[in-house]
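Quick note, the sequence shown lines up with residues 17 to 130 if you use the numbering used here. Notes to accompany the following structure.
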Amino acid sequence: MEKIVEQGLLYDFYGSLLTGHQQKIYEQVVYDNLSLNEVAETEGVSKQAVHDLVRRCTVIMRGYENKLGMIRRFGKIRESADRLRQVASSEEIPQAQASVLRRIADEICTDLET
């Protein structure tokens with residue numbers, strides 16, 4: 017399961033940097049959960065070619081993540097927004113300030129989702 021989550025995150029962030037052909041094959045294997053044989057038959061290539069393409073795409077996208085760190089940054093920003101919410105829930109923070117902190121955290125999370 018962890019591998020599929022990683023592949024999904026990589027594709028969400030960097031899939032648009034792949035060629036159209038790579039995107040199509042990768043989506044069929046990872047998102048549509050088609051077998052390598054099914055994709056190979058549909059595309060008129062060998063099972064090994066599909067396997068190699070998916071593996072190569074994953075390596076390419078991991079390389080992008082290593083250089084750009086967008087997934088890592090996304091996670092850190094999400095954690096910071098969660099910490100803002102926790103601080104806003106503290107009894108020590110005046111209600112007006114807590115409301116502002118929650119609104120800011122919500123805005124950050126909304127921006128991350130778009």
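Beta carbons are placed, not taken as given, at the ideal position from N, Cα and C, and that holds for glycine. Predicted, not measured: the structure shown is a model, and the values here were computed from it.
Helix, strand or coil, according to DSSP, for residue i in the structure here?
i: L136; result: Outside the modelled stretch of the chain, which goes from 17 to 130, sits residue 136, for which no answer is possible.
i: K68; result: The sequence as given places Asp at residue 68; Lys does not occur at that position. Helix.
i: N49; result: coil
i: I20; result: helix
i: I109; result: coil
Going by C-alpha to C-alpha distance, which of the options sits closest to residue i?
i: E129; options: K19, I20, L25; result: L25
i: R78; options: L34, E123, D127, I124; result: L34
i: G91; options: Y47, V55, I124, A112; result: I124
i: G85; options: V21, E18, I20, F29; result: F29
i: I20; options: G36, D48, Q38, H37; result: D48
i: Q38; options: L69, D127, V116; result: L69
i: S32; options: G60, V116, Y80; result: Y80
For residue i and residue j, which I take to be in contact (beta-carbon distance under 8 Å), what is that distance rounded to the nearest angstrom?
i: V46; j: Q23; result: 5 Å
(request) Report yes or no: do three or more beta-carbon pairs, one from the segment 98-110 and one from the segment 70-80, lie closer than 8 Å? (result) no
(message) For the pair the segment 82-97 and the segment 109-124, tell me if three or more CB-CB distances fall below 8 Å.
(response) yes
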